[in-house]
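A.B. asks: Residue numbers (the numbering used here): 32 to 307.
Have a look at this one before I ask anything.
Structure (structure tokens):
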């Protein structure tokens, strides 16, 4: 009887050896799998749900609820710098899985800089989103984890646009550049350049257009040059180098999807709608 029990025990032990070896190998290859939960996304019946944030971060939020708003504010101001006025409203809750869900993050900025361009007014509306809280707290960056509805509307004044273009044009041999905005959705760019011993002034009339969903380009329709011996292709080449006039970098708060540009006599309005 004892011999039978010993044989049974040995057989059962042999069956457990292989699963234990696999478990040990998994633990060696993926030692941080439990700590990396913020990067895992689970598929549910209706949507993708990010896993819970690291407990240490949730503890910080529980002990100091204001720290979450402070981190989001800092992350936004890393991309929209030195705002004269900054307003933010956050509507958040925990979903049925225990994840921190942001119903809406609404931000209004007055006179802040995006990539060196002074933006008179910016309104950002981020809806139905989950954030990578670990990245937010450790790197002060915003990373959206799900397909959220993100809208952005910005106003740029003519003077601010000219200051930005003057800085950019120094690298491409355009002097005294000036942009004028008109009420009929048109703009004019004038300036001067030197080709060999020839100096000429030019004027181009056209509009702005969106390219690659994140770039603002000048589209020239009419070009005038005050010197007949200045090749027009030289001016066109300079205009191509000036484009894009402005570009939202990949490091911006979210993926920008520019949809509309409106030009008035005082400013340009740029609108972005996207599902991240």
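Glycine included, every Cβ here is placed at the ideal spot set by N, Cα and C.
What number of angstroms, rounded off, separates the C-alpha of residue 218 from the C-alpha of residue 195?
C.D. replies: Here residue 218 refers to the residue found at position 187 of the chain shown. Here residue 195 refers to the residue found at position 164 of the chain shown. Taking the straight line from one Cα to the other gives about 16 Å.
A.B. asks: Under 8 Å between the Cβ atoms of residue 108 and residue 98?
C.D. replies: Position 77 of the chain shown, counted from the start, is the residue given in the question as residue 108. Position 67 of the chain shown, counted from the start, is the residue given in the question as residue 98. Going by C-beta atoms, residue 108 is not nearer than 8 Å to residue 98.
A.B. asks: Starting from residue 174, trace the beta strand (DSSP E) both ways and give me its first and last residue.
C.D. replies: In the chain shown, the residue the question calls residue 174 occupies position 143. From DSSP, residue 174 is part of no beta strand (DSSP E); its letter is neither H nor E.
A.B. asks: Under 8 Å, do residue 148 and residue 283 count as touching if we go by C-beta distance?
C.D. replies: As a position in the chain shown, residue 148 is number 117, starting the count at 1. As a position in the chain shown, residue 283 is number 252, starting the count at 1. The answer is no: Cβ separation not under 8 Å.
A.B. asks: Is the stretch 291-298 touching the stretch 208-224, taking contact as three or more C-beta pairs under 8 Å?
C.D. replies: Cβ pair count under 8 Å is three or more, so yes.
A.B. asks: Among 130, 221 and 188, whose alpha-carbon lies nearest the alpha-carbon of residue 27?
C.D. replies: Outside the shown range of the chain, which is 32 to 307, sits residue 27, and nothing can be said about it.
A.B. asks: Any idea which residues DSSP pairs residue 131 with across the strands?
C.D. replies: Indexing the chain shown from 1 puts residue 131 at position 100. Answer is 125, bridged to residue 131.
A.B. asks: Relative to the C-alpha of residue 311, which candidate in 304, 290 and 285 has its C-alpha closest?
C.D. replies: The structure shown does not extend to residue 311, since the chain is modelled only from 32 to 307, so the question has no answer here.
A.B. asks: Whole-angstrom Cβ separation of residue 180 and residue 131, contact assumed at under 8 Å?
C.D. replies: Locating residue 180 in the chain shown gives position 149, where the first residue counts as 1. Locating residue 131 in the chain shown gives position 100, where the first residue counts as 1. Going by Cβ atoms, the distance from residue 180 to residue 131 rounds to 18 Å, so no, they are not a contact pair.
A.B. asks: When the distance is taken between beta carbons, is residue 192 closer than 8 Å to residue 103?
C.D. replies: For this step, residue 103 is matched to residue 72 along the chain shown. For this step, residue 192 is matched to residue 161 along the chain shown. Going by C-beta atoms, residue 103 is not nearer than 8 Å to residue 192.
A.B. asks: Starting from residue 255, follow the beta strand (DSSP E) in both directions and report where the run begins and ends.
C.D. replies: Residue 255 sits at position 224 when you count from the first residue of the chain shown. Residues 246-256.
A.B. asks: What separation, rounded to the nearest whole angstrom, lies between the Cα atoms of residue 189 and residue 89?
C.D. replies: Start at 1 with the first residue of the chain shown, and residue 189 comes out as number 158. Start at 1 with the first residue of the chain shown, and residue 89 comes out as number 58. In a straight line, the C-alpha of residue 189 is about 45 Å away from that of residue 89.
A.B. asks: Please list the segments of the alpha helix (DSSP H) lying wholly inside the stretch 170-234, counting only runs of 4 or more residues, in order along the chain.
C.D. replies: Here the runs fully enclosed are 189-200.
A.B. asks: Can you tell me whether residue 75 is buried or exposed? The criterion is at least 16 other CB atoms within 10 Å of its CB, across all chains shown.
C.D. replies: The count along the chain shown starts at 1 and reaches residue 75 at position 44. Because residue 75 carries a pLDDT of 36, less than 50, the predicted location of this residue cannot be relied on, and no value is offered for it.
A.B. asks: Pairing CB atoms from the stretch 136-144 with CB atoms from the stretch 245-256, are three or more of them under 8 Å?
C.D. replies: In short, these stretches do not touch, since the Cβ pair count stays below three.
A.B. asks: Just to confirm, is the Cβ distance from residue 176 to residue 133 under 8 Å?
C.D. replies: Against the chain shown, residue 176 aligns to sequence position 145. Against the chain shown, residue 133 aligns to sequence position 102. Taking 8 Å as the Cβ cut-off, residue 176 and residue 133 do not qualify as a contacting pair.
A.B. asks: By Cβ distance, which residues of its chain are closer than 8 Å to residue 199, with the 5 residues on each side in sequence left out?
C.D. replies: Residue mapping note: residue 199 aligns to position 168 of the chain shown, counting from 1. Result list for residue 199: 273 and 276, in chain order.
A.B. asks: So what does DSSP say about residue 87, is it helix, strand or coil?
C.D. replies: Locating residue 87 in the chain shown gives position 56, where the first residue counts as 1. Residue 87 falls in the helix class under three-state DSSP.
A.B. asks: Looking only at C-alpha atoms, which of 151, 206, 289 and 300 sits nearest to residue 115?
C.D. replies: For this step, residue 115 is matched to residue 84 along the chain shown. Among 151, 206, 289 and 300, the Cα nearest to that of residue 115 is on 151.
A.B. asks: Can you tell me which of the three DSSP states residue 303 falls into?
C.D. replies: In the chain shown, the residue the question calls residue 303 occupies position 272. Residue state, collapsed to three classes: strand.
A.B. asks: Which residue marks the beginning of the alpha helix (DSSP H) containing residue 270, and which one marks its end?
C.D. replies: Residue numbering aside, residue 270 sits at position 239 when the chain shown is read from its first letter. Per DSSP, residue 270 belongs to the alpha helix (DSSP H) from 263-273.
A.B. asks: Less than 8 Å between the beta carbons of residue 253 and residue 235, yes or no?
C.D. replies: The count along the chain shown starts at 1 and reaches residue 253 at position 222. The count along the chain shown starts at 1 and reaches residue 235 at position 204. Cβ atoms of residue 253 and residue 235: closer than 8 Å.
A.B. asks: Would residue 239 be called buried (16 or more neighbouring beta carbons within 10 Å of its own) or exposed?
C.D. replies: Here the question's residue 239 lines up with position 208 in the chain shown. The residue is buried, with at least 16 neighbouring Cβ atoms inside 10 Å.
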